[in-house]
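Order-wise, the sequence lines are chains Z and G. Counting in numbering that gives the first Met the number 0, the first sequence runs from 0 upward without gaps. Counting in numbering that gives the first Met the number 0, the second sequence runs from 0 upward without gaps. Yeah, the Cβ is synthetic: ideal placement off N, Cα and C, and Gly gets one too.
There are 2 protein chains.
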Amino acid sequence: MKYQHLLQQNFQVSFNYDIIFSRSIFDVTNSSLIDVIKKEPGFQQPKIAIVIDSGVVDCTNQLISKIINYFNQYQFEVTEANLIIIQGGEEVKNDPDYIEAVLQLINNNKIDRHSFLIAIGGGAVLDAVGYAAAIAHRGVRLIRIPTTVLSQNDSGVGVKNSMNYFGKKNFLGTFAPPYAVLNDSDFLTTLNERNWRSGISEAIKVALIKDVSFFDWIENNTQALNNRDVLVMETLIIRCAALHTDHISKKGDPFEKGSSRPLDFGHWAAHKMEQLTNYEITHGEAVAIGIALDVTYSFLSHKIDKPSLDRILKCFLALGFAITHPILDTHLDAVIKGLDEFREHLGGQLTIMLLSDIGTGEEVHSLSNELIAESVQYLYSFCLLNTEVC
Amino acid sequence: MKYQHLLQQNFQVSFNYDIIFSRSIFDVTNSSLIDVIKKEPGFQQPKIAIVIDSGVVDCTNQLISKIINYFNQYQFEVTEANLIIIQGGEEVKNDPDYIEAVLQLINNNKIDRHSFLIAIGGGAVLDAVGYAAAIAHRGVRLIRIPTTVLSQNDSGVGVKNSMNYFGKKNFLGTFAPPYAVLNDSDFLTTLNERNWRSGISEAIKVALIKDVSFFDWIENNTQALNNRDVLVMETLIIRCAALHTDHISKKGDPFEKGSSRPLDFGHWAAHKMEQLTNYEITHGEAVAIGIALDVTYSFLSHKIDKPSLDRILKCFLALGFAITHPILDTHLDAVIKGLDEFREHLGGQLTIMLLSDIGTGEEVHSLSNELIAESVQYLYSFCLLNTEVC
Ligand SMILES: NC(=O)c1ccc[n+]([C@@H]2O[C@H](COP(=O)([O-])OP(=O)(O)OC[C@H]3O[C@@H](n4cnc5c(N)ncnc54)[C@H](O)[C@@H]3O)[C@@H](O)[C@H]2O)c1
Ligand SMILES: NC(=O)c1ccc[n+]([C@@H]2O[C@H](COP(=O)([O-])OP(=O)(O)OC[C@H]3O[C@@H](n4cnc5c(N)ncnc54)[C@H](O)[C@@H]3O)[C@@H](O)[C@H]2O)c1
Ligand SMILES: [Zn+2]
Ligand SMILES: [Zn+2]
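The following block contains the structure:
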């Protein structure tokens with residue numbers, strides 16, 4: 000016996016948002032943010048609530064009074080009541096109390112689907128605040144103001160939010176495009192050395208799988224990046240963000256219903272290493288090691304040639320990235336378990352991106368444990384042989 | 000000073016799902032459910048976890064062993080470990096512990112984005128389980144098996160999930176289309192009288208704003224519905240579900256970004272009455288009163304004529320619905336506050352659907368408190384004059 004009647008539901012939803020690159024966005028002369036808020040004229044002045052990363056507040060002189068003043072100058076009623084400071088870094092994604100605090104901010108300020116929640120901070124704060132914004136009233140408008148290299152070129156321009164749960168990275172979350180993204184390179188000047196460097200690995204990632212000329216450019220600019228040249232970093236960020244958003248819109252699977260996830264190149268090991276080190280290494284640092292591992296694996300499995308492998312590993316080293324980590328020695332089995340968790344999180348068939356050339360990825364559906372172990376050994380030897388940069 | 004660079008992100012996401020109307024879906028001879036699960040052939044047998052409404056379990060003989068047996072017959076490994084029973088009714092949406100229990104089920108059974116979470120129950124259980132399914136791994140596949148009239152013709156076929164928070168109805172939730180919906184009219188036979196009747200108000204709602212001939216049909220079938228004629232109820236459900244899904248796909252705003260919400264006709268007062276009575280009246284009962292109120296308001300504000308008003312109110316009474324509630328007498332101010340909360344939840348301009356004719360809605364952007372109070376009085380008088388049905 001089968002069904003008696005069938006209805007087929009079928010519809011499409013359009014998403015669009017601007018990613019704006021600017022400087023000094025809270026200077027009253029810069030109307031970028033106000034223009035975003037006023038883009039869709041409403042029947043009344045929209046309400047605003049703001050969440051700021053504690054790390055940004057600590058490093059930026061008078062940030063809060065500057066923000067309040069900015070909005071007041073444009074006739075928006077913003078006071079300390081519309082604003083909370085939230086723990087920066089991975090901790091904000093580990094503790095549901097922070098999500099609760101953002102939900103309370105939304106509720107107390109009667110933020111509705113036509114109001115604006117503005118999140119200012121690193122990728123972790125954007126993930127957590129974005130999650131709260133996505134589940135309140137089934138989604139309030141979120142403006143992201145990323146303040147780290149990684150969040151400006153990668154996490155902040157995409158469509159995902161998350162928090163960690165059951166000890167698993169990003170177990171909870173939704174796909175929820177932001178209302179707009181505003182990148183202000185002024186914020187980058189206060190980053191410590193590790194967070195300045197960290198996000199560069201995501202640019203290398205997207206260059207390696209998509210754009211050899213971008214990789215050439217990064218290789219030629221390691222010195223400028225090490226010298227904290229903000230103009231060069233802006234260029235890197237814009238190019239990385241463009242490749243990233245282009246992939247999301249053109250590759251046909253923005254909400255990741257399939258098994259293929261090219262942008263997660265190097266990430267299976269990265270996520271697990273972050274967790275195993277209790278987030279002592281940053282996401283970007285872990286991604287650098289994860290890419291080094293998967294490129295070496297690509298070489299050992301005869302996909303990419305040795306000169307290309309050398310170029311990639313040396314580029315990481317030249318930028319001051321580590322390409323190995325003690326955990327790969329002491330807990331390799333646990334890292335390899337990350338493959339399962341990676342598959343489980345994405346669902347479907349295990350699909351791992353490797354490289355066949357700089358700028359060209361190639362997907363495989365299984366990895367050999369032995370070859371992973373060999374890749375780890377290779378990286379250790381490579382470091383020994385390149386002590387001048389290691 | 001303005002921005003230096005702009006990226007414009009723009010993409011579409013397609014959603015499609017089948018709504019299947021069947022009977023005895025856990026009879027081994029009925030492959031409807033298995034066919035849904037096998038629709039997209041994966042690289043391995045997909046994993047399954049099941050959440051069942053306690054009210055359904057209590058009323059259905061041997062349901063759990065029947066379900067387990069069903070899957071086992073089709074070579075799916077389903078045991079008691081893949082299954083939890085969850086509190087039926089609004090309580091499940093009020094207490095986050097139930098969401099936690101579903102998340103644990105998902106985690107323990109390693110349900111990933113290509114696995115299936117099956118929710119069997121009334122609208123409340125579907126809302127709560129749907130919410131957990133939407134936030135785990137950024138969304139696992141959800142098959143809804145609605146077991147009440149309301150969930151089969153309305154809540155279960157749509158794109159929303161939710162839980163109550165901060166004492167506010169549906170404060171948390173997401174837009175998340177299901178993977179499929181399976182309506183089995185066998186479940187309806189065990190509903191108590193109130194829940195059998197309750198969902199009919201959603202059919203009247205959609206008939207009133209969209210389809211006069213459907214309203215005629217309901218009017219002609221009140222007797223059969225009162226006599227619990229399952230075939231007539233199936234017809235009502237299919238027609239209501241079709242109008243509902245049609246609206247979602249054709250009216251261009253499935254994720255409710257705008258201010259207009261025709262399907263929420265009668266709902267502003269309904270939501271508030273549910274909350275004020277501590278959910279002692281069901282959603283459908285509250286919707287009936289909310290519609291009666293808004294239709295009377297439509298009459299008193301000269302939009303709809305008296306014969307049409309009479310027909311509508313008498314139809315509700317003939318079906319055994321109350322069209323007034325003591326709370327409208329004792330707490331009218333509080334009910335009217337519901338208008339604000341309704342606007343706040345949706346955002347944008349207050350937009351309320353009234354009727355200009357049976358089958359034809361008309362939106363307004365404010366309601367007069369005096370006219371609301373007059374409408375309440377009108378309904379009380381109407382009941383007194385129609386004691387034979389009241
Ligand atoms: N949603 C996505 O698609 C996506 C993609 C990649 C990474 N991520 C997530 O992003 C997170 C990492 O983000 P991150 O690399 O930006 O690190 P982070 O957010 O953890 O921030 C690192 C530190 O820098 C501080 N900080 C932030 N901005 C600063 C500034 N301008 N000056 C001084 N200090 C500042 C923070 O307080 C924190 O202590 C991880 O949780 C990762 O999972 C998400
Ligand atoms: N997501 C949406 O778009 C949407 C739309 C409308 C309503 N809703 C929500 O739906 C909920 C109301 O749903 P409902 O009217 O189905 O009521 P319900 O889910 O509260 O169920 C009512 C009672 O019936 C029991 N029950 C369920 N199926 C049964 C069966 N076959 N036999 C015997 N008992 C059974 C339940 O255990 C419960 O005690 C509300 O929370 C409302 O907000 C959601
Ligand atoms: Zn990353
Ligand atoms: Zn309803």
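Within a Cβ cutoff of 7 Å, which residues of the same chain sit near residue i, ignoring the five residues on either side of it in sequence?
i, result
"ARG260(G)", "LEU345 and THR350"
"ALA291(Z)", "LEU312, PHE315, ILE322 and LEU378"
"ASN29(Z)", "SER21 and SER23"
"GLY265(Z)", "LYS204, VAL286, GLY289, ILE290 and ASP293"
"GLY172(G)", "TYR130, LYS159, ASN160, SER161 and MET162"
Where does the unbroken alpha helix (DSSP H) through residue i begin, and where does it stop?
i, result
"ALA333(Z)", "331 to 345"
"GLU201(Z)", "199 to 209"
"PHE14(Z)", "Premise fails: PHE14(Z) lies in the beta strand (DSSP E), 4 to 21, not in any alpha helix (DSSP H)."
"GLU233(G)", "229 to 249"
"LEU316(G)", "305 to 317"
"ILE290(G)", "282 to 299"
Given the structure, does residue i come close to ligand 1, in the sense that its CB is under 7 Å from one of the ligand's heavy atoms?
i, result
"ASP185(G)", "no"
"SER154(Z)", "yes"
"LYS415(Z)", "What the structure shows of chain Z is the stretch from 0 to 389, and residue 415(Z) is not part of that stretch, so it cannot be assessed."
"ALA123(Z)", "yes"
"THR147(Z)", "yes"
"THR244(G)", "no"
"ASN160(Z)", "yes"
"LYS250(Z)", "no"
To the nearest angstrom, how far is the alpha carbon of residue i from that of residue j?
i, j, result
"SER365(G)", "ALA333(G)", "17 Å"
"ALA321(Z)", "LEU331(Z)", "17 Å"
"ILE142(G)", "LEU207(Z)", "39 Å"
"PRO176(Z)", "ASN9(G)", "10 Å"
"GLU373(Z)", "THR59(Z)", "45 Å"
"ALA223(Z)", "ILE236(Z)", "14 Å"
"ILE36(Z)", "LYS159(Z)", "21 Å"
"CYS382(G)", "LYS305(G)", "15 Å"
"ILE406(G)", "ASN107(G)", "Only positions 0 to 389 of chain G appear in this structure, which leaves residue 406(G) out of reach."
"ASP111(G)", "LEU181(Z)", "33 Å"
Output the boundary residues of the beta strand (DSSP E) element that contains residue i.
i, result
"SER355(G)", "351 to 356"
"GLY120(G)", "115 to 120"
"PRO145(Z)", "140 to 145"
"ALA163(G)", "According to the sequence provided, residue 163(G) is Asn. The question's Ala does not apply to it. Taken as a continuous stretch (DSSP letters only), the beta strand (DSSP E) holding ASN163(G) covers 162 to 164."
"LEU171(Z)", "167 to 171"
"THR359(Z)", "359 to 363"
"VAL180(G)", "179 to 183"
"LEU82(Z)", "82 to 85"
"ALA48(G)", "47 to 52"
Following a CB-centred definition, is residue i positioned closer than 7 Å to any heavy atom of ligand 3?
i, result
"GLU279(Z)", "no"
"HIS301(Z)", "no"
"VAL55(Z)", "no"
"VAL286(Z)", "yes"
Is the closest heavy atom of ligand 5 to the C-beta of residue i under 7 Å?
i, result
"ALA291(Z)", "Ligand 5 is not among the ligands present in this structure, which contains only ligand 1, ligand 2, ligand 3 and ligand 4."
Is any non-hydrogen atom of ligand 4 found closer than 7 Å to the C-beta of residue i, if you look at the structure I gave you?
i, result
"GLU391(G)", "Residue 391(G) is absent from the model: chain G starts at 0 and stops at 389."
"GLU201(G)", "yes"
"VAL363(Z)", "no"
"HIS136(G)", "no"
Take residue i and list the residues in its own chain whose beta-carbon comes closer than 6 Å to its own, dropping the five residues that flank it on each side.
i, result
"ARG140(G)", "PHE115 and TYR178"
If you compare alpha carbons, which of the options is closest to residue i?
i, options, result
"SER161(G)", "ASP153(G), GLY122(G), ASN152(G) and ASP339(G)", "GLY122(G)"
"PHE75(G)", "GLN222(G), ASP339(G) and GLN43(G)", "GLN43(G)"
"GLY337(G)", "LYS168(G), TYR278(G) and GLU90(G)", "LYS168(G)"
"ILE199(G)", "SER154(G), TYR164(G), ASP183(G) and GLY166(G)", "SER154(G)"
"LEU327(G)", "ILE303(G), TYR377(G), GLY257(G) and SER300(G)", "TYR377(G)"
"LEU242(Z)", "LYS204(Z), PHE165(Z) and LEU370(Z)", "LYS204(Z)"
"GLU369(Z)", "GLU343(Z), GLY319(Z) and LEU299(Z)", "LEU299(Z)"
"TRP195(G)", "ILE335(G), ASP228(G) and LYS65(G)", "ASP228(G)"
"THR359(G)", "THR276(G), HIS136(G) and PHE214(G)", "PHE214(G)"
What does a CB cutoff of less than 8 Å around residue i pick up in its chain, not counting 5 residues either side in sequence?
i, result
"HIS414(G)", "The structure shown does not extend to residue 414(G), since chain G is modelled only from 0 through 389, so no value can be given for it."
Confirm the yes/no value for this check: CB of residue i, any heavy atom of ligand 2, distance under 7 Å.
i, result
"SER197(G)", "yes"
Give a yes or no on whether 8 Å exceeds the smallest Cβ distance from residue i to chain B.
i, result
"VAL363(Z)", "Of the protein chains in this structure, namely Z and G, none is chain B."
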